[in-house]
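For reference, the structure is listed below as structure tokens.
Number of protein chains: 2
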Amino acid sequence: MESNNPEANFADQHNILRSRLNQKGLRLTDQRQKILDLFVMTPDGEHLSAEDIYYQATTKGEKISYSTIYRALHMMVNLGIMREVELAEGRKYYELSTSPAKQHHHLVCVHCGEVHEFEDHRVTKASQQETLGHGFLLRDCQFTVYGICQMCQLSVI
Amino acid sequence: MESNNPEANFADQHNILRSRLNQKGLRLTDQRQKILDLFVMTPDGEHLSAEDIYYQATTKGEKISYSTIYRALHMMVNLGIMREVELAEGRKYYELSTSPAKQHHHLVCVHCGEVHEFEDHRVTKASQQETLGHGFLLRDCQFTVYGICQMCQLSVI
DNA sequence: TTGTGTGCAAACGGTTTGCATCTCC
DNA sequence: GGAGATGCAAACCGTTTGCACACAA
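Residue numbers (the numbering used here), protein chains in the order written: chain U, 1 to 157; chain E, 158 to 314.
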């Protein structure tokens with residue numbers, strides 16, 4: 001269980017990232033490592049925005065700028081290491097990408113922002129059929145269900 | 158076929174809007190009528206951004222400001238008359254809302270922006286099951302499939 | 001050594017807001 | 001008459017960019 005050994009996990013991720021970067025003549029810097037670490041440490045079902053990353057990093061005394069964060073995120077999305085998801089208004093969130101076969105979706109509480117991840121093969125299938133039917137080449141799909149969670153149903157309305 | 162009689166269609170829409178507004182002590186102004194008209198005239202499968210509305214309205218010699226457009230759109234979304242959809246980056250699009258039973262989804266070309274609408278009962282079902290399973294109250298769901306259309310596959314890559 | 005990456009500060013662009021004025025009911 | 005709506009200009013805020021400097025390979 002590598003999940004019992006976070007350091008090995010970090011090292012793995014760094015090596016993967018380093019080799020991918022090197023293939024393209026890019027470099028593995030401290031900042032890029034730190035950003036990746038934050039995602040590796042983030043529990044499943046949570047997502048990080050640029051602000052989250054900035055806040056978590058600076059709280060730990062690490063120095064990083066927003067420009068670096070955004071540039072690193074874009075780069076990793078382009079490399080296929082991360083995925084950009086639309087969960088809430090006016091802000092982008094990021095998560096480590098998983099294999100296309102394990103594509104997952106999000107259930108979001110519009111009131112408190114609570115997010116659940118779920119998989120549904122019917123949705124996956126629908127995206128494949130629809131792209132095929134129109135002669136499209138599938139790139140990504142986002143299925144986001146918005147609702148009000150149980151807690152918020154009590155406090156609001 | 159009321160689609161053969163656009164004027165009746167406009168009148169219908171205006172009356173619906175007026176009665177909804179009056180229930181809340183709100184008013185039906187010229188600007189709000191014009192905005193709604195643009196959506197009624199827009200063919201199925203097309204969506205309007207605030208900029209689209211501003212451009213189409215001013216091209217016709219009508220005077221309207223962005224603040225009014227945004228305020229009207231928010232109001233109509235809150236009244237359930239319109240739906241806000243995320244199709245492209247950094248911009249919101251709007252469409253007239255349809256009954257929850259006829260919920261539809263979008264297939265978008267990430268290169269040229271071409272959009273196809275489609276319905277899929279499996280997706281609708283999945284959204285219902287997922288909200289139910291977590292005790293959520295379903296509000297809306299967005300299923301957006303991103304790909305590259307046939308034309309763009311030829312010209313890009 | 002050199003081209004890539006970083007931080008800073010300023011710019012960007014879609015959206016929102018404060019305020020004076022106007023207008024629908 | 002009075003609450004609600006509009007237009008203008010400025011503010012907002014997440015994101016991007018130009019540039020001088022720093023650093024990985």
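Don't be surprised by glycine CBs; every beta carbon is placed ideally from N, CA and C.
- Along the region 288 to 299 of chain E, the positions whose C-beta sits under 7 Å from a C-beta of chain U are Thr288, His291, Gly292, Phe293, Leu294, Leu295, Arg296, Asp297, Cys298 and Gln299, read in chain order.
- The beta carbon of E:Gly202 sits closer than 6 Å to the beta carbons of Glu274 from its chain, once the five residues preceding and following it are set aside; these are given in chain order.
- Using a Cβ-Cβ cut-off of 7 Å, U:Leu107 is close to Glu287, Thr288, His291 and Phe293 of chain E, given in chain order.
- The alpha helix (DSSP H) runs of length 4 or more contained entirely in the region 209 to 269 of chain E are, from start to end of the chain, 223 to 235.
- Not a single CB atom of chain E sits nearer than 9 Å to the CB of U:Lys60.
- Sorting U:Ser49, U:Ala126 and U:Ala57 by C-alpha distance to the C-alpha of U:Glu84 places U:Ser49 at the top.
- When the beta-carbon positions are compared, E:His263 and E:Gln299 come within less than 9 Å of each other.
- Beta bridge pairing from DSSP links U:Cys149 with no other residue.
- Shown here, U:Glu117 sits in a strand according to DSSP, grouped into three states.
- Membership of E:Leu193 in the alpha helix (DSSP H) is indicated by the continuous run Asp187 to Met198.
- Under DSSP, E:Phe300 shares a beta bridge with U:Phe143.
- Inclusion of U:Lys24 and U:Leu79 in the CB contact set at 9 Å is warranted, their separation being smaller than that value.
- For E:Ile305, the closest Cβ of chain U is nearer than 9 Å.
- DSSP, reduced to helix, strand and coil, places U:Leu26 outside both helices and strands of the structure shown, so it counts as coil.
- Between U:Thr144 and U:Leu87 the beta-carbon gap is near 7 Å, inside 8 Å, which marks them as a contact.
- Nearest CB-CB separation between U:Thr144 and chain E: below the 9 Å threshold.
- Closest in C-alpha terms to E:Met308, from the list E:His291, E:Gly290, E:Leu295 and E:Val267, comes E:Val267.
- Scanning E:Thr216, E:Asp209, E:Lys217 and E:Glu219 for the CA closest to the CA of E:Tyr227 turns up E:Asp209.
- The beta-carbon of U:Asp120 is placed less than 9 Å from the nearest beta-carbon of chain E.
- E:Asp277 counts as buried, since no fewer than 16 other beta carbons sit within 10 angstroms of its beta carbon.
- Of all alpha-carbon atoms in E:Gln260, E:Ile192 and E:Gly270, the one lying nearest the alpha-carbon of E:Arg279 is that of E:Gln260.
- Of all residues in the region 164 to 181 of chain E, none is placed with a Cβ closer than 8 Å to any Cβ belonging to chain U.
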